[in-house]
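Just so you know, the sequences run in chain order A and B. Quick note on this note's numbering: the first sequence kicks off at 212 and runs consecutively. Quick note on this note's numbering: the second sequence kicks off at 2 and runs consecutively. Note that CB positions come from ideal geometry on N, CA and C, so glycine has one too. Please read the structure below before turning to the comments.
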Amino acid sequence: MTYIVFQDIEKYYGDNHVLKKTNLSIEKGEFVTLLGSSGCGKSTLLRCLAGLEQVTRGKIFLDGIEVTHMNPRDRNVGMIFQQYSLFPNLNVYNNIAFGLKMKKMDKDSIDQSVKEAIKMVDLTKKEKQYPSQLSGGEQQRVALARCIVTRPKVLLLDEPLSAIDAKLRKSLQSQIKEIHKELEMTSIFVTHDQNEAMTMSDTIHLMKDGVIEQSANPFELYSKPINNFAASFIGNYNIIPWKIFSKLSNQEYMGDKNIVIRPEIIEISRVEYIRDNNHYYLSGSIKDILPQGNIIRYTADVNKTLLDIDVLNAEAKLYEVGEYVYFRMKKGFCINL
Amino acid sequence: MEKKRYFIITMRLLLIGVFVISWEWSARKQIYNPLFTSYPSAIVKDLVEFYTSGDLIKHTSVTLHEALTGLLYGTIVGVIVGLILGQFEMLGKILLPIITAIHGIPQLTLAPVYILWFGLGLTSKIFLAGLMVFFNVFFSTYAGVRNVEPKLIESATLLGATKIQTLFHIVLPSSMPFILSGIRVGVGSSLVGAIIGEYIGASAGFGWMIAYASSFFNIARVMSCILILLIVGIILNFSLDKIENYLLRWRSPSNLSLQNKKNLKESY
């Protein structure tokens with residue numbers, strides 16, 4: 212049976228229609244990401260599951276029980292916020308123990324569970340410190356421990372890493388993943404960062420204006436976006452109307468569609484390619500060069516249409532601005548949308 | 002750091018010393034009429050007499066009793082009402098303008114009414130002091146409760162806390178910095194309230210003593226009373242500092258008191 216079900220969820224804030232008949236199913240133990248730009252309704256959906264917002268219409272089921280109108284404290288849902296939201300007057304130990312104390316568990320089992328959780332998030336020796344004495348990353352780890360220690364039915368993560376610097380974010384990402392694996396805790400992660408969504412998730416649900424546009428695993432979502440929005444949000448696709456592309460590449464006009472080309476499938480050369488039937492061919496001059504660490508992004512001017520090309524930063528041949536070069540790309544890797 | 006601290010303290014004492022000596026000197030040289038300000042040696046002499054006659058203890062205890070009892074009641078009621086109005090938005094919307102309006106009335110003008118209601122004894126002064134403290138503590142508690150980060154309350158709810166548990170474990174401690182700053186202002190108000198009450202109608206206390214002594218142009222006695230009140234104020238603020246440092250040990254202390262250098266160091 213499906214573990215979490217959102218059924219025709221509608222949510223209005225005044226006149227603002229935030230969720231539009233949203234349907235979503237999540238299996239037990241899954242790590243799911245809601246991905247979308249800010250204001251697309253992803254956090255609202257999460258807050259509806261937690262009970263912090265009431266849905267206008269629709270039903271929510273959690274573990275076979277309808278929770279649509281249930282009091283949030285009875286839902287047994289754990290939630291982590293972007294702002295950490297630790298209790299400032301309690302030290303690390305008491306922050307983590309809070310949920311168990313509220314449930315009136317006995318002291319020894321609280322102590323055991325808290326120590327276990329502290330170990331899991333690597334905060335031993337910090338038990339007695341107050342949140343104001345911890346770094347952002349440490350605070351978020353306390354928040355994580357505070358949630359998992361109560362063994363919630365589902366762990367909700369509302370952009371938990373957005374306020375943390377890039378390097379630390381990577382290590383926290385893997386820590387969250389590890390904990391998810393260890394506890395097999397169903398988790399819903401909300402983010403606007405497609406890279407983060409790719410690294411973390413079993414399934415990504417891409418949202419736009421309160422509607423789920425595409426649900427797929429990270430590989431499929433990246434290589435097979437089902438519409439222009441998905442293509443433009445995930446990765447840096449070149450999206451070119453066929454009307455223009457057919458002229459540039461001497462191809463037959465494919466109708467009122469766009470061709471969608473990932474920058475890393477484009478090959479680049481100083482010499483003209485020998486033509487075959489498996490590739491599209493273009494040529495143009497280099498307009499801009501952006502080194503991005505492991506890859507170099509070239510922007511080329513192909514008869515006034517801009518084309519992004521990603522080349523691994525391992526090759527000795529570097530191109531210069533203004534240089535005239537040739538491109539080819541496998542037809543099978545291009546998508547028509 | 003240590004050196005700088007000693008320098009500051011030395012300079013402070015020196016400044017006070019210079020002030021006291023020039024006061025004494027100018028009064029003795031009759032540079033102005035000392036009848037209006039008295040002078041340090043006369044004040045010390047009066048203080049000794051004030052003490053040996055037993056009056057000092059008597060009046061101090063009366064005024065302190067009124068002020069501290071007022072402070073206690075005013076604080077308790079202020080915190081409770083602040084918490085309730087902060088929790089129930091509708092109630093807050095209904096009552097807040099009324100309380101603000103009452104607060105707008107200068108309490109001094111109402112003091113004679115309270116004496117009429119509660120008599121010349123301690124009760125009327127305690128009431129006046131308590132009322133003045135109440136307003137300070139109420140407004141700061143209310144602001145504190147309204148300022149609690151909503152996500153903290155959401156977190157507590159999701160962790161299974163009931164409304165009452167959230168109130169005592171989260172809302173109250175998070176508002177504590179606000180409440181304490183209200184009480185800090187309240188300490189001053191409670192003394193003012195007690196003394197105003199004594200000015201208007203009493204048979205003991207500093208307010209009564211000051212009014213009585215100034216009517217006989219006994220300025221040395223007035224100054225003695227003021228000096229005692231100054232010391233009382235310092236002691237109360239110092240104790241409040243200690244309480245604040247304990248209750249707010251999870252954050253850095255405020256900078257309102259003489260003690261602070263040390264406190265800051267201890268907390269880091």
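Mind pulling the chain B residues with CB within less than 7 Å of LYS314(A)? For the purposes of this step, residue 314(A) is taken as the residue at position 103 of the first sequence. Residues of chain B passing the Cβ test: GLY161.
Can a CB atom of chain A be found closer than 8 Å to the CB of SER175(B)? Within the second sequence, residue 175(B) is the residue found at index 174, counting from 1. Interface residue, yes.
Mind pulling the chain A residues with CB within less than 7 Å of GLU155(B)? In the second sequence, the residue the question calls residue 155(B) occupies position 154. Residues of chain A passing the Cβ test: LEU263.
Whole-angstrom Cβ separation of SER457(A) and TYR492(A), contact assumed at under 8 Å? As a position in the first sequence, residue 457(A) is number 246, starting the count at 1. As a position in the first sequence, residue 492(A) is number 281, starting the count at 1. Not really, about 13 Å apart at Cβ, beyond 8 Å.
Would you kindly work out how many angstroms separate the C-alpha atoms of LEU241(B) and VAL188(B), rounded to a whole number? Numbered from 1 along the second sequence, position 240 holds the residue referred to as residue 241(B). Numbered from 1 along the second sequence, position 187 holds the residue referred to as residue 188(B). Rounded to the nearest angstrom, the two C-alpha atoms are 9 Å apart.
LYS94(B): first and last residue of the uninterrupted alpha helix (DSSP H) it sits in: Along the second sequence, one-based indexing puts residue 94(B) at 93. Where LYS94(B) is concerned, the enclosing alpha helix (DSSP H) stretches over 90 to 105.
Tell me the DSSP bridge mates of LEU417(A)? Residue mapping note: residue 417(A) aligns to position 206 of the first sequence, counting from 1. DSSP, once it has assigned bridges, lists LEU246(A) and GLN425(A) as partnering LEU417(A).
Starting from LEU379(A), trace the alpha helix (DSSP H) both ways and give me its first and last residue. On the first sequence, position 168 is the one that residue 379(A) refers to. Residues 377 to 394.
Where the alpha helix (DSSP H) containing MET331(A) begins and where it ends: In the first sequence, counting from the first residue as 1, residue 331(A) sits at position 120. Per DSSP, MET331(A) belongs to the alpha helix (DSSP H) from 318 to 331.
Can you pull the chain A neighbours of LYS4(B), defined as C-beta to C-beta under 9 Å? Taking the second sequence and counting its residues from 1, one reaches residue 4(B) at position 3. Within 9 Å Cβ-Cβ: nothing; LYS4(B) doesn't reach chain A, min ~29 Å.
Report the rounded CA-to-CA distance for ARG352(A) versus TYR537(A), giving the unit in angstroms. As a position in the first sequence, residue 352(A) is number 141, starting the count at 1. As a position in the first sequence, residue 537(A) is number 326, starting the count at 1. The straight-line gap from Cα to Cα measures roughly 50 Å.
Taking GLU150(B) as the query, report the chain A residues whose CB atoms sit under 8 Å from its CB, ordered along the chain. Here residue 150(B) refers to the residue found at position 149 when the second sequence is read from its first residue. Going along chain A in sequence order, the residues near GLU150(B) (Cβ under 8 Å) are GLN294 and SER296.
Helix, strand or coil at VAL229(A) [DSSP, three-state]: Reading the first sequence from its first residue, position 18 is the one you call residue 229(A). If DSSP states are grouped into helix, strand and coil, VAL229(A) belongs with the strands.
Would GLY466(A) pass as an interface residue toward chain B - the criterion being a Cβ-Cβ separation below 8 Å? The residue given as residue 466(A) occupies position 255 in the first sequence. False, the Cβ-Cβ gap to chain B never drops below 8 Å.
CA-CA distance, LEU14(B) and VAL21(B)? In the second sequence, residue 14(B) corresponds to position 13, counting from 1. In the second sequence, residue 21(B) corresponds to position 20, counting from 1. LEU14(B) and VAL21(B): Cα-Cα distance of roughly 11 Å.
Drop a sphere of 10 angstroms on the beta-carbon of GLY79(B), count the other beta-carbons inside from all chains shown, and report buried for 16 or more, exposed for fewer. The residue given as residue 79(B) occupies position 78 in the second sequence. Buried: at least 16 other Cβ atoms inside 10 Å.
Please list the residues of the stretch 338 to 350 of chain A that have a C-beta atom closer than 8 Å to any C-beta atom in chain B, keeping them in chain order. TYR341, PRO342 and SER343
Going along chain B in order, which residues have a C-beta closer than 8 Å to the C-beta of MET290(A)? For the purposes of this step, residue 290(A) is identified with residue 79 of the first sequence, where counting begins at 1. Going along chain B in sequence order, the residues near MET290(A) (Cβ under 8 Å) are GLU155, SER156 and LEU159.
For MET313(A), which three-state DSSP category applies? By one-based count along the first sequence, residue 313(A) stands at place 102. Assigned with DSSP and collapsed to three states, MET313(A) falls in helix.
Cutoff 8 Å: ARG539(A) Cβ touching any chain B Cβ: Translated into positions along the first sequence, residue 539(A) becomes position 328. No, ARG539(A) lies away from the interface with chain B (no Cβ there is under 8 Å from its Cβ).
Within 10 Å of its beta-carbon, does ASP163(A) have 16 or more other beta-carbons around it, so buried, or fewer, so exposed? Nothing can be reported for residue 163(A), as the shown portion of chain A is limited to 212 through 548.
Does any C-beta atom of chain B lie closer than 8 Å to the C-beta of ILE215(A)? Residue 215(A) sits at position 4 when you count from the first residue of the first sequence. No - not a single Cβ of chain B is within 8 Å of the one on ILE215(A).
Give, in chain order, every unbroken run of the alpha helix (DSSP H) that is at least 4 residues long and sits entirely within the stretch 192 to 244 of chain B. 207 to 216
Assigned secondary structure, ALA374(A) (DSSP; H/G/I helix, E/B strand, else coil): Counting from one through the first sequence, the residue named residue 374(A) turns up at place 163. Three-state result, ALA374(A): coil.
In three-state terms, what does DSSP make of PRO283(A)? As a first step, residue 283(A) is located in the first sequence; it is residue number 72 there, counting from the start. In this structure, PRO283(A) counts as helix in the three-state DSSP scheme.
Using DSSP bridges, identify the partner residues of LEU518(A). What you label residue 518(A) is simply residue 307 of the first sequence in a count that begins at 1. For LEU518(A), which the question treats as bridged, DSSP gives the partners ALA511(A).
Using 8 Å for Cβ pairs, my map puts ILE476(A) next to MET409(A). What's the rounded Cβ distance? Numbered from its first residue, the first sequence carries residue 476(A) at position 265. Numbered from its first residue, the first sequence carries residue 409(A) at position 198. Between MET409(A) and ILE476(A) the Cβ distance is about 17 Å, and since that is not below 8 Å, they are no contact.
Where does TYR269(B) land, buried or exposed, given buried means 16+ other C-beta within 10 angstroms? Reading the second sequence from its first residue, position 268 is the one you call residue 269(B). The pLDDT assigned to TYR269(B) is 36, lower than 50, so where the model puts this residue is not dependable; a value taken from the coordinates is nonetheless given after this. Counting Cβ neighbours within 10 Å, TYR269(B) comes out exposed, since fewer than 16 surround it.
Can you give me the C-alpha to C-alpha distance between SER611(A) and SER175(B), rounded to a whole angstrom? No answer is possible for residue 611(A): it lies beyond the span of chain A, which begins at 212 and ends at 548.
Below 8 Å on C-beta distance, what does THR361(A) contact in chain B? In the first sequence, counting from the first residue as 1, residue 361(A) sits at position 150. Chain B residues near THR361(A): LEU160 and GLY161.
ARG268(A) - partner residues in DSSP beta bridges: As a first step, residue 268(A) is located in the first sequence; it is residue number 57 there, counting from the start. In DSSP, ARG268(A) forms a bridge with GLU221(A).
Backbone CA spacing between LEU36(B) and ALA221(B) [nearest angstrom]: Reading the second sequence from its first residue, position 35 is the one you call residue 36(B). Reading the second sequence from its first residue, position 220 is the one you call residue 221(B). C-alpha of LEU36(B) to C-alpha of ALA221(B): approximately 9 Å in a straight line.
Host beta strand (DSSP E) of ARG539(A) (start-end): What you label residue 539(A) is simply residue 328 of the first sequence in a count that begins at 1. The continuous beta strand (DSSP E) containing ARG539(A) extends over residues 535 to 541.
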